[in-house]
Amino acid sequence: GDSVTQMEGPVTLSEEAFLTINCTYTATGYPSLFWYVQYPGEGLQLLLKATKADDKGSNKGFEATYRKETTSFHLEKGSVQVSDSAVYFCALKGSTLGRLYFGRGTQLTVWP
Amino acid sequence: GAVVSQHPSWVICKSGTSVKIECRSLDFQATTMFWYRQFPKQSLMLMATSNEGSKATYEQGVEKDKFLINHASLTLSTLTVTSAHPEDSSFYICSALTGLMTDQPQHFGDGTRLSIL
Chain A
1 GDSVTQMEGP
11 VTLSEEAFLT
21 INCTYTATGY
31 PSLFWYVQYP
41 GEGLQLLLKA
51 TKADDKGSNK
61 GFEATYRKET
71 TSFHLEKGSV
81 QVSDSAVYFC
91 ALKGSTLGRL
101 YFGRGTQLTV
111 WP
Chain B
1001 GAVVSQHPSW
1011 VICKSGTSVK
1021 IECRSLDFQA
1031 TTMFWYRQFP
1041 KQSLMLMATS
1051 NEGSKATYEQ
1061 GVEKDKFLIN
1071 HASLTLSTLT
1081 VTSAHPEDSS
1091 FYICSALTGL
1101 MTDQPQHFGD
1111 GTRLSIL
């Protein structure tokens, strides 16, 4: 079945460091891939998405490229800020209409 | 962008009471809404899928009689935790779909923190 495997955290970085959070998936067909961000005490916000192979989703300096050959959708940011501290979830939407499959989430803490 | 409103954001109540949580899509019609439960430092666990005008589809292991879901209109779904006990304490999050195509994202509410004393 469909599933997402996400790099375990926590990840702790200094401000302006480079960020990578790994995400790989298993799916039948042609899933869409998403990254969501959750700030403390809040729901999830869509960060970026990609709907087909080789698509690059980007938002607020974050990027992720849909790699079908490696079944991956790694999240990257060139220079993190303290305000990026949050939990990041990789998610897949595939054959079951509307159903999202989430990774475990990665806690990111950025220190000034 | 699409906005989903969830209410209340925090509720504390005594063991044995029932608690209703509302999830509204504010600027779009949502034929499908989802209810999730999240334990501290863990991922979201899908509890049920709610379709307007029909019975909700519950995930395996979720008690239908404990977690009553009603989706009476295209903009409102409710989750009622019946006879709540301390083990039901958790963070509950709803989401709504703007469309059925796979590339349409879910839009999430801000969650409800439920604490049962």
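Chains as they are written, first to last, in this note's numbering: chain A, 1 to 112; chain B, 1001 to 1117. Note that beta-carbon positions come from the ideal geometry of N, C-alpha and C, so glycine has one too. This one's a predicted model, so the numbers in the text were calculated from it and none came from an experiment.
Quick one: which chain A residues come within Cβ less than 8 angstroms of residue i?
i          : result
Gly1061(B) : In chain order: nothing, as chain A lies at least about 16 angstroms away.
Ile1093(B) : Gly43 and Leu44
Ser1043(B) : Phe89, Phe102, Gly103, Arg104 and Gly105
Looking only at C-alpha atoms, which of the options sits nearest to residue i?
i          : options                                           : result
Ile1012(B) : Ile1093(B), Asp1088(B) and Cys1094(B)             : Asp1088(B)
Trp116(A)  : Thr12(A), Gly41(A), Met7(A) and Leu13(A)          : Shown here, chain A extends from 1 to 112; a query on residue 116(A) therefore has no answer.
Leu44(A)   : Val1003(B), Leu1068(B) and Asp1065(B)             : Val1003(B)
Ser79(A)   : Trp111(A), Pro10(A) and Phe18(A)                  : Phe18(A)
Asp1110(B) : Gln1104(B), Pro1086(B), Ala1096(B) and Lys1064(B) : Ala1096(B)
His1007(B) : Ser1115(B), Gln1106(B), Lys1064(B) and Cys1094(B) : Cys1094(B)
Leu1046(B) : His1085(B), Leu1074(B), Leu1068(B) and Tyr1092(B) : Tyr1092(B)
Pro1190(B) : Pro31(A), Thr20(A) and Pro10(A)                   : No answer is possible for residue 1190(B): it lies beyond the span of chain B, which begins at 1001 and ends at 1117.
Gln81(A)   : Gly61(A), Gly94(A) and Cys90(A)                   : Gly61(A)
Thr1112(B) : Ser1015(B), Cys1023(B), Gly1016(B) and Lys1014(B) : Cys1023(B)
Lys56(A)   : Glu69(A), Phe73(A) and Glu42(A)                   : Phe73(A)
Gln1060(B) : Thr1032(B), Thr1098(B) and Ala1048(B)             : Ala1048(B)
Ser1015(B) : His1107(B), Thr1098(B) and Ala1084(B)             : Ala1084(B)
Cβ of residue i less than 8 angstroms from any chain A Cβ?
i          : result
Thr1032(B) : yes
Pro1105(B) : yes
Gly1005(B) : Here residue 1005(B) turns out to be Ser, not Gly, going by the sequence shown. For Ser1005(B), the answer is no, since every Cβ of chain A falls outside 8 angstroms of its Cβ.
Leu1026(B) : no
Phe1108(B) : yes
Are any of the Cβ atoms in chain B nearer than 8 angstroms to that of residue i?
i         : result
Val105(A) : With the sequence shown as reference, residue 105(A) is identified as Gly, and Val is not the correct amino acid for it. Yes, contact with chain B.
Leu47(A)  : no
Phe34(A)  : yes
Phe62(A)  : no
Gly98(A)  : yes
So residue i and residue j are in contact, right, with Cβ under 8 angstroms, and what is the actual spacing, rounded?
i          : j          : result
Thr24(A)   : Thr51(A)   : Between Thr51(A) and Thr24(A) the Cβ distance is about 18 angstroms, and since that is not below 8 angstroms, they are no contact.
Ser1050(B) : Phe1028(B) : That belief does not hold up - the Cβ atoms of Ser1050(B) and Phe1028(B) are roughly 15 angstroms apart, past 8 angstroms.
Ile1021(B) : Thr1082(B) : The Cβ separation is near 12 angstroms, so there is no contact.
Tyr88(A)   : Ser3(A)    : Tyr88(A) to Ser3(A), Cβ: 17 angstroms. No contact.
Gln1038(B) : Ser1090(B) : 7 angstroms
Val11(A)   : Gln107(A)  : 7 angstroms
Leu33(A)   : Leu92(A)   : 6 angstroms
Thr109(A)  : Ser85(A)   : 5 angstroms
Gly41(A)   : Ser1043(B) : Rounded, the Cβ-Cβ distance is 17 angstroms, inconsistent with contact.
Glu76(A)   : Thr26(A)   : 22 angstroms between Cβ atoms; not a contact.
Any heavy atom of the ligand ATP closer than 7 angstroms to the Cβ of residue i?
i        : result
Asp55(A) : As far as ligands go, the structure on display features none, and thus does not contain the ligand ATP.
So which residues on chain B does residue i lean against when the C-beta distance must stay under 8 angstroms?
i        : result
Gly57(A) : Those within 8 angstroms of Gly57(A) in chain B number zero; the least Cβ separation is about 11 angstroms.
At a CB-CB cut-off below 7 angstroms, which residues of chain A make contact with residue i?
i          : result
Gly1111(B) : Glu42 and Gly43
Report task. Just list the beta strand (DSSP E) runs in the stretch 1025-1102 of chain B, keeping only unbroken ones of 3 residues or longer that don't cross its boundaries, in chain order. Result -> Under the rule that a run must span 3 or more residues, the beta strand (DSSP E) segments found entirely inside the stretch 1025-1102 of chain B read 1032-1038, 1044-1051, 1067-1073, 1076-1081 and 1090-1097.
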